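> Residue numbers (our numbering), protein chains in the order written: chain E, 38 to 134; chain C, 38 to 134. Following this message is one structure expressed as structure tokens.
Number of protein chains: 2
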Amino acid sequence: MRLDKSSAENAARILKALAHPVRLRIIESLIDGEKCVSDIIKAVGGKQSITSQHLNMMRDKGVLSCRRIGPMVYYRIEKRDVITVLKCICGHKNRHN
Amino acid sequence: MRLDKSSAENAARILKALAHPVRLRIIESLIDGEKCVSDIIKAVGGKQSITSQHLNMMRDKGVLSCRRIGPMVYYRIEKRDVITVLKCICGHKNRHN
DNA sequence: TTAGGATATTAGATAATTCTAATATGAAGG
DNA sequence: CCTTCATATTAGAATTATCTAATATCCTAA
Numbered sequence: 038m039r040l041d042k043s044s045a046e047n048a049a050r051i052l053k054a055l056a057h058p059v060r061l062r063i064i065e066s067l068i069d070g071e072k073c074v075s076d077i078i079k080a081v082g083g084k085q086s087i088t089s090q091h092l093n094m095m096r097d098k099g100v101l102s103c104r105r106i107g108p109m110v111y112y113r114i115e116k117r118d119v120i121t122v123l124k125c126i127c128g129h130k131n132r133h134n
Numbered sequence: 038m039r040l041d042k043s044s045a046e047n048a049a050r051i052l053k054a055l056a057h058p059v060r061l062r063i064i065e066s067l068i069d070g071e072k073c074v075s076d077i078i079k080a081v082g083g084k085q086s087i088t089s090q091h092l093n094m095m096r097d098k099g100v101l102s103c104r105r106i107g108p109m110v111y112y113r114i115e116k117r118d119v120i121t122v123l124k125c126i127c128g129h130k131n132r133h134n
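Structure, rendered in structure tokens:
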């Protein structure tokens, strides 16, 4: 795999962008396609401001991207690998490894 | 996928356990089998105390496990999924998504 | 042009991580 | 017993993440 210092930092940055329960749920809600912010808020059930901050953070890290259509902003998953990561980690609620 | 609040928290906990460059490198160094602490330290090139703290932290979260043989403690990957996560995230140094 | 809905930004408080340096423990040989 | 090598633990400082609440922006219809 050859994980030199800077690739490790890069990978860690992406993983940090995922490592929050609300952010994971946001990603899950976007698996089947883009959604506008208010729909994301409904899906994850959080406050507007916090959700917006999480969205912004993930966009910064390249995990999500967005486009505006009229007054709404639609977010979608840009780094599709995170879906694999999510599925891989979530298959393990009750298993031991 | 059905990511309820508590599964999301669980998944986030594991991802947090991975989301650090040194910890990723520790995991990489353990892919091909268990290693004692001093060999891990050599492999990742960090300080003894910090490496020990990271090892301990990942053991706490169930990512690693260890056994003592004489004066040495051997760590190994307990949650093999993290290898998939690592490979999946690391394949993307230069790709755009 | 202004009002309202949709989203973003900000500042500051609180909490969690990470690092540092020092000290502690544990095993084994002499 | 002591010493030494291997590892763990600790306390506190420094950094970074998160939440809160308030305010700002952006778009569109009237």
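Note that the Cβ used here is the ideal one computed from N, Cα and C, for glycine as well. As the structure is a computational prediction, the values presented were derived from the model and not from experiment.
(1) Is it the case that the Cβ atoms of residue 62(C) and residue 81(C) are separated by a distance below 8 Å?
(2) Going along the chain, which residues of the stretch 49-62 of chain E sit with their C-beta nearer than 7 Å to a C-beta in chain C?
(3) Am I right that residue 51(E) and residue 66(E) are in contact with their C-beta atoms under 8 Å? What's the rounded C-beta distance?
(4) Using a cut-off of 7 Å between C-beta atoms, extract the partners of residue 73(C) located in chain E.
(5) Do we get a CB-CB distance below 8 Å when we pair residue 127(C) with the residues of chain E?
(6) Kindly indicate which three-state DSSP category residue 113(C) falls into: helix, strand or coil?
(7) Apply the 10 Å Cβ neighbour rule to residue 108(E) and answer buried if 16 or more other Cβ atoms are within range, or exposed otherwise.
(8) Go ahead and label residue 117(E) buried or exposed: buried means 16 or more other beta carbons lie within 10 angstroms of its beta carbon, across all protein chains shown.
(9) Residues of chain E with CB under 8 Å from residue 38(C), in chain order?
(10) Could you pull out every residue in the same chain whose Cβ sits closer than 7 Å to the Cβ of residue 119(E), ignoring the five residues on either side in sequence?
This is what the structure gives:
(1) yes
(2) 49, 51, 52, 53, 55, 56, 57, 58, 61, 62
(3) Not really, about 19 Å apart at Cβ, beyond 8 Å.
(4) Here the premise fails: no neighbours, minimum Cβ distance about 20 Å.
(5) yes
(6) strand
(7) exposed
(8) exposed
(9) 65, 68, 123, 124, 127
(10) 55, 64, 100
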